[in-house]
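A quick write-up on the structure given underneath.
Number of protein chains: 2
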Amino acid sequence: MAFTFLKRTRYFHTISPAGIALQSRIDKRSYAARSSVLERVVSAFRAVTGDDGVSLGATVREQHGKDESVHSCRPPDVVVWPQSVEEVSALAKICHHHRLPIIPFGTGTGLEGGVGAMKGGVCFSLRKMDHVLDLHQEDFDVTVEPGVTRKALNSYLRDTGLWFPVDPGADASLCGMAATSASGTNAVRYGTMRENVLNLEVVLADGTIFHTAGRGRRPRKTSAGYNLTNLFVGSEGTLGILTKATLRLYGIPEAVVSAVCSFPTIQAAVDSTVQILQAGIPIARIEFLDDVMIDACNRYNALSYPVAPTLFLEFHGSERSLEEQVTITEDITRENGGSDFSWARDVETRERLWKARHDAWYAALALRPGCKAYATDVCVPISRLPQILVETKEDLTKNCLTGPIAGHVGDGNFHCLMVLDPNDPHEEQRVHQFTDRLARRALALDGTCTGEHGVGLGKRLLLREEVGPLAMEVMQGLKATLDPKNLMNPGKVL
Amino acid sequence: MAFTFLKRTRYFHTISPAGIALQSRIDKRSYAARSSVLERVVSAFRAVTGDDGVSLGATVREQHGKDESVHSCRPPDVVVWPQSVEEVSALAKICHHHRLPIIPFGTGTGLEGGVGAMKGGVCFSLRKMDHVLDLHQEDFDVTVEPGVTRKALNSYLRDTGLWFPVDPGADASLCGMAATSASGTNAVRYGTMRENVLNLEVVLADGTIFHTAGRGRRPRKTSAGYNLTNLFVGSEGTLGILTKATLRLYGIPEAVVSAVCSFPTIQAAVDSTVQILQAGIPIARIEFLDDVMIDACNRYNALSYPVAPTLFLEFHGSERSLEEQVTITEDITRENGGSDFSWARDVETRERLWKARHDAWYAALALRPGCKAYATDVCVPISRLPQILVETKEDLTKNCLTGPIAGHVGDGNFHCLMVLDPNDPHEEQRVHQFTDRLARRALALDGTCTGEHGVGLGKRLLLREEVGPLAMEVMQGLKATLDPKNLMNPGKVL
């Protein structure tokens, strides 16, 4: 009894006032009645996960109410840590019965506010479900639980000769990456999560467990029924909780060569990119950094790259094929006025060479100590890149904003790493207006408001502009079908 | 007036008795009342498309009630030929108002009975919408109307240095290929329709027109909202009519080399395939033909390939990279007991070499003159291929069935080209039972009942076994949301 009392005490302490305040948005009953509901819910959660699997602590809730974006923290009322799909399903059923929002949580490395508990509710942290299951080396596939991160999988695969190449930078969970349709530097060669997820285990808001391509199925291709896998890839937790992902793997390339090359103009860098792709070079990475970004990287890492539009390139293949890839690429860049290649073969030199690109985020932050950073994310057809990059740089200058540019230029995808003073609401407002203008510029050039970060909280209006009201209605219809009570990550995407 | 009378006469003549019989399934009213409805509908159609755009002719209807499968002809009541998306929408609205089924029709080259008018209704032939629109060479994309076929697009692209590589064999319409999630020989390198459609214009059953990724959008990647594009790819006309597709294009490879190699066992051929993929060879095609298929090809084309499990290979790349690809591949096949390569560089020799593979269908048919053929279609993880191929060949022998095997072995996808006597119902029954056993064998090995032909009519029960009742419920929910009156190609997929 004493134990129960303690739990109750902790409970009332920790959910008040934030928890109760949030909860009140979905529950208009009296304080006592609401408290009683929450108490019953938490007891039910504990019966599923054990005491360790539930937390009402303010700090824990705060940690789970925010990702790496500038969106403010919206803590959930409760955080739960299920350890199996059956526990996820049982917890979802409790939420469903009480109409409590469910917010899936991977590593919190998202960039569009996808984990904020906009209507309170229950954060499902999937961190404890972290097993790599069913590796099939000969078939180049593996199944992972939702707590397995990209780096953890690649560590696991180290001695197999295989790897999973999708690399958004952060060490995100693979199911989280599926949820946001993540991609990153290697997408130009290996595709995004859309192309690399073969099957998903999903728990719907009502606790139903199903497999998008059927339990245990992992053919390389299929025409069997609607493509449910790719409906859930990119659904940002708004349709269901991803509890397993079956992924494509690739052979680790025999050799890797990296190169850096600077250009007189943005146009010359983009022209080179188009010509490299046209020549059929199976380039693994082709990253663009603008002059401001290179300057920041030079300062941060004490490097001395020319302060000019720059391409960072990486080639994967056999020793012999790399030689040819590099030669043709160098010819192309030289014809476009590019500098001689700085290039690197061994791991150490390659890492030094790419350090500028890898540290871009921190280099940007170091431009203005004490500031925070926010990465925009648009994607346009490659031919439109010079126009949008030039206009965007003019916009930044005109509005006195700090936003060095880095991009996965082979896909037409780029980011402005906005550095802003967290204590200056005017600057925040100007950044917000700038990012909206940037997104609309991308839309005007046949592009998208998000190439890889997702819609989350911040781009819901832009999504409507992008796809139009009728496609929005279709999306809303799908959402209503799969989550009629609007419990799955409410307030996101749509 | 005479003209109207003539039209009426033709109308009553041609829809009776088949048309009326079919129509009666969805309309229980009296003959006179039904005729009157049909008459009004046809007048409304003519007002949209002109007289040329509507046909009630028995022959025309029969031509549109059947694909290349063994499923019997189920002619629609009417065939319409819209010439623009606005006409498609206007015709759909009429159908919607009168609750008439809508069956989209491309080239009729499907293999699972997808175009049969199971409940009568209106066939939308999209043949007259055959323009290639908006080619963007620098961005490697193009938009096509639904009547544009694969070969027509590649002819159009001839002088651009670009091509569209997805090749299911038949000269299918590209939107039809999108509708069935088609793939074929090049998928191992270039992916299937799932990976190569960037955007679709869709008309829903109620006439709503929308674009799955937003009007005119064509970024290489996007995370903006639910992936509606890939919900419609593979939907087999059951969710909406595809009226435009934006497709990825690829640079035509500098050089192409083909090779043929025979093996002592199926296992040796499959092991070679796995090792070629593991070695990172970017093989463009890797096709398996079993001994029976090779024997048939030898007879049909007066060739003299060893009657043994055989791989047909194709390499795309630069001259120099091809040399390396071929050398490594030859090493791998030799280590697995493969014969020396027969290989070919110039177009003519290559075509001669591949003729055996290209004519496989006709070679199979020639095994039993006067018979018809039916291609099964399953896909399993590659490591499971030897087991399923051996078991399937034993099954064929035991049941005295003719079914030479050809497969896209790099994807784990293969077909038995069943040759059967159209006048022998017992044999037809045995073939049916065999194909069910084959599909269940694929399911037992983590595979799918269809790798590229789709579910259509024949595999609906198998789909349920493959994905399970809960995923089926999700699919049915999506269907009900987008097509609540069940007018879009009813009786297919679900």
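Line by line, the protein sequences give chains H and U.
Note that UniProt numbering gives residue 348 to position 348 of the first sequence, counting from 1, and the numbers run on in steps of one.
Note that UniProt numbering gives residue 262 to position 262 of the second sequence, counting from 1, and the numbers run on in steps of one.
Just so you know, even glycine gets a beta-carbon here, dropped at the ideal spot from N, CA and C.
Sort out for me which residues DSSP pairs residue i with in a bridge.
i: U/Y250; result: U/W163
i: H/L494; result: According to DSSP, H/L494 bridges with nothing at all.
i: H/P404; result: Looking at the DSSP assignment, H/P404 forms no beta bridge with any residue, so it has no partner.
i: U/Y305; result: None, per the DSSP bridge assignment.
i: H/M177; result: In the DSSP output, where bridge partners are listed per residue, H/M177 has none listed.
i: H/N199; result: H/T246
i: U/S35; result: None; U/S35 has no bridge partner.
i: U/C379; result: U/N413 and U/T448
i: U/M129; result: Paired residue(s): none; U/M129 is not in a bridge.
Show which residues of chain U have a CB atom less than 8 Å away from the CB atom of residue i.
i: H/V60; result: None at all; the shortest Cβ gap to chain U is about 29 Å.
i: H/V233; result: N227
i: H/A375; result: Result: empty, since nearest Cβ-Cβ is about 13 Å, beyond 8 Å.
i: H/F434; result: Within chain U, no residue comes near H/F434; the closest Cβ sits about 19 Å away, beyond 8 Å.
Could you name the residues of the same chain whose beta carbon sits closer than 6 Å to that of residue i, not counting the 5 residues immediately before and after it, in chain order?
i: H/T109; result: E68, A170 and A172
i: H/C416; result: T376, G403 and I405
i: U/Q275; result: I332
i: H/S24; result: Low confidence applies to H/S24: its pLDDT is 44, below 50, so where it sits in the model is not reliable, and the reading given next is rough at best. Taken in chain order, the list of residues that qualify is empty.
i: U/T310; result: S262, L289 and I294
i: H/A366; result: Y300
Can you say whether residue i is buried or exposed, counting buried as having 16 or more other CB atoms within 10 angstroms of its CB?
i: H/E394; result: exposed
i: H/P369; result: exposed
i: U/K151; result: exposed
i: U/L133; result: exposed
i: H/H71; result: buried
i: U/S35; result: buried
i: U/V390; result: exposed
i: H/D51; result: exposed
i: U/L22; result: Low per-residue confidence applies at U/L22: pLDDT is 42, beneath 50, and the placement is therefore not dependable, though the value from the model is reported in the following sentence. Per the 10 Å Cβ criterion, buried.
i: U/R61; result: buried
i: H/N423; result: exposed
i: U/D159; result: exposed
i: U/P484; result: exposed
i: U/P469; result: exposed
Whose C-beta lies closer than 7 Å to the C-beta of residue i among residues of the same chain, with five residues either side of it excluded?
i: residue 498 of chain H; result: The displayed coordinates of chain H run from 1 to 494. Any statement about residue 498 of chain H would go beyond what the structure contains.
i: U/L353; result: S258, V260, S342 and A344
i: U/K479; result: T238, L239 and L494
i: H/N336; result: F263, A268, D271 and S272
i: H/V88; result: P82, F124, V203, I241 and T243
i: H/F105; result: H64, V115, C123, F124, S125 and L126
Within the continuous beta strand (DSSP E) that includes residue i, where are the two ends?
i: U/W343; result: S342 to A344
i: U/D310; result: According to the sequence provided, residue 310 of chain U is Thr. The question's Asp does not apply to it. Residues T310 to G317.
i: H/L352; result: Per the sequence shown, residue 352 of chain H should be read as Arg rather than Leu. Run containing H/R352: none in the beta strand (DSSP E); it sits in the alpha helix (DSSP H), V347 to H358.
i: U/C416; result: N413 to L420
i: U/D136; result: Asp is not the amino acid found at residue 136 of chain U; the sequence shown has His there. Unbroken beta strand (DSSP E) run through U/H136: V132 to H136.
i: H/R285; result: R285 to L289
i: U/Y374; result: K372 to A375
i: U/D271; result: Note, U/D271: premise wrong, no beta strand (DSSP E); alpha helix (DSSP H) at I266 to Q278.
i: U/D141; result: D141 to V144
i: H/A224; result: Looking at the DSSP string, H/A224 is not in any beta strand (DSSP E), and its letter there is neither H nor E.
i: H/A255; result: A255 to S262
Which chain U residues are close to residue i, counting only those with a beta carbon under 7 Å from its beta carbon?
i: H/P219; result: C379, V380, P381, G412, G447, T448 and G451
For residue i, which residues in chain U fall below 9 Å Cβ to Cβ?
i: H/M475; result: G225, Y226 and L228
i: H/D401; result: Going by the sequence as given, residue 401 of chain H is Leu instead of Asp. Chain U residues near H/L401: none, gap ~24 Å exceeds 9 Å.
What does residue i touch in chain H if you count any residue whose Cβ is under 8 Å from its own?
i: U/T222; result: S181, C379, T448, T450 and G451
i: U/E324; result: S318, R320 and S321
Which same chain residues, not among the five before or five after residue i, have their C-beta less than 8 Å away from its C-beta?
i: H/G65; result: C73, R74, P75, P76, V115, G116, A117 and C123
i: U/A360; result: L289, M293, A296, C297, P404, A406 and L417
List the residues of chain H whose Cβ lies closer than 9 Å to the Cβ of residue i, in chain order.
i: U/S262; result: None at all; the shortest Cβ gap to chain H is about 22 Å.
i: U/Q278; result: Q137, E138, F140, G161, L162 and G251
i: U/L313; result: Within 9 Å Cβ-Cβ: nothing; U/L313 doesn't reach chain H, min ~17 Å.
Which residue marks the beginning of the alpha helix (DSSP H) containing residue i, and which one marks its end?
i: H/D424; result: Looking at the DSSP string, H/D424 is not in any alpha helix (DSSP H), and its letter there is neither H nor E.
i: H/H97; result: V85 to H98
i: H/L152; result: Looking at the sequence shown, residue 152 of chain H is not Leu but Ala. Segment R150 to Y156, the alpha helix (DSSP H) holding H/A152.
i: H/P101; result: Per DSSP, H/P101 belongs to no alpha helix (DSSP H) and is neither H nor E.
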